[in-house]
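Here the structure comes first, spelled out in structure tokens, and everything after it is commentary.
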Amino acid sequence: MPETLDYLKRMTSPGNITPNLQQIMDGIEQLWPASLAESWDAVGLVVGRPEQEIRKVIWVVDPSLPVVEDAVQRGADLIISHHPLMLKPVNGVSALTPKGRVIHTMIENQCALLTAHTNGDSAVGGVSDVLAEILGLEECVPLTQAAGGLPEEGIGRVGYLASPTTLGDFAGKVYGILPKVAGGVRVSGPRDAIVSRVAICGGAGDSLFDAVRSANADVYVTADLRHHPALEAKEATLDGRPYLVDVSHFASEWMWLPAAAQSLINYAEDSGWDVEIMVSNVNSDPWDFCLNG
Ligand SMILES: [Zn+2]
């Protein structure tokens, strides 16, 4: 697993069939079914014609303009993004707006855009599943089960470390596996407290505190923790558990991309496709530096 964003993962499926966009969409649907997406989400095809031939695919967290420009420079025919480009309805896509410029850049360069968001979170092999595996969690189950999904599908994961460790060492391990971004890792809790049961949710997870508490987690790893939810969580239990490890939203979700790309390359090889699949190494974390101590 790559540890820094200096690494551009690149894989090739050596088949002899050039897939079209519809065939890739069918593969994505098998791997990360749209039915697993939350009702408020916007997943699936955003830009592109189903009959378009696809030779180069690149996985990204955010379809922001620098990320998209890098992708088209690399010759990508298809960007698969974790975050939707347009979660809110828009009245136009003119190049006068940032999102309009993204759409123009993609169409002008014949590059399609497909999104796998909460379906990617929820699936087996999804964002939190991958994080749990990299952290070596055992006996993992979802924090909240997907409606109508399998028992192992849903948002977040909770499981046990192979052996108990201190909160400080655990946070160090989390810091060590994530791509290096300006914000680093923030921790709430005593550095020498022993932790064993770990809850995790890639991306913003402050809506899951009730599930984390009922799962009896010692520590909760997630992103975007705000002052009031974090303080209230800290005061909600007598011993202060779950302790909190607050990471970069971007970094936590970027960790999914190499695993997702690997799943798609396996599907491509099984399908006999001639296609190259890459993982973007453009950092779209909005924070650039941090003043601390
Ligand atoms: Zn996210």
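Under the working numbering, the very last position in the sequence shown is 303; numbers go up by exactly one each time. Here a beta-carbon is modelled for each residue, glycine too, at the ideal position from N, C-alpha and C. From a predicted model like this one, the values you see are computed outputs, not experimental measurements.
Rounded C-alpha distance that separates residue 191 from residue 297: When rounded, the separation of the alpha-carbon atoms in residue 191 and residue 297 is 8 Å.
Output the boundary residues of the beta strand (DSSP E) element that contains residue 68. First-last of the beta strand (DSSP E) with residue 68: 66-70.
Sequence-distant residues of the same chain with beta carbon closer than 6 Å to residue 115, five excluded per side: Cβ-Cβ distances below 6 Å link residue 115 to 78 in the same chain, with the five nearest sequence neighbours on each side left out; the list follows chain order.
In this structure, does DSSP put residue 58 in helix, strand or coil? In the three-state reduction of the DSSP assignment, residue 58 falls in the coil class.
What does the Cβ neighbour count give for residue 301, buried or exposed, with the cut at 16 atoms within 10 Å? Counting Cβ neighbours within 10 Å, residue 301 comes out exposed, since fewer than 16 surround it.
Nearest-angstrom Cα separation, counted from residue 188 out to residue 14: Its pLDDT being 49, under 50, residue 14 is placed unreliably by the model, and nothing is read from it.
Meets three-Cβ-pair contact criterion under 8 Å: the segment 247-266 and the segment 26-38: No, the segment 247-266 is not in contact with the segment 26-38.
Simplified DSSP assignment, three categories, for residue 159: It is coil, neither helix nor strand.
So is residue 160 buried or exposed if we call it buried at 16+ other beta carbons inside 10 Å? Residue 160 comes out exposed.
Identify every run of the alpha helix (DSSP H) within the segment 200-226, keeping only runs that are complete inside it and at least 4 residues long; order them along the chain. Runs found: 219-224.
Within 8 Å (strictly less), CB to CB, does residue 71 reach chain C? Looking at the structure shown, chain C is missing, and only one protein chain is on hand.
Hey, is residue 48 close to ligand 1, as in C-beta under 7 Å from one of its heavy atoms? It does not: the Cβ of residue 48 is nowhere closer than 7 Å to a heavy atom of ligand 1.
C-alpha distance - residue 126 paired with residue 153, whole-angstrom precision: When the Cα atoms are used, residue 126 and residue 153 turn out to be separated by approximately 20 Å.
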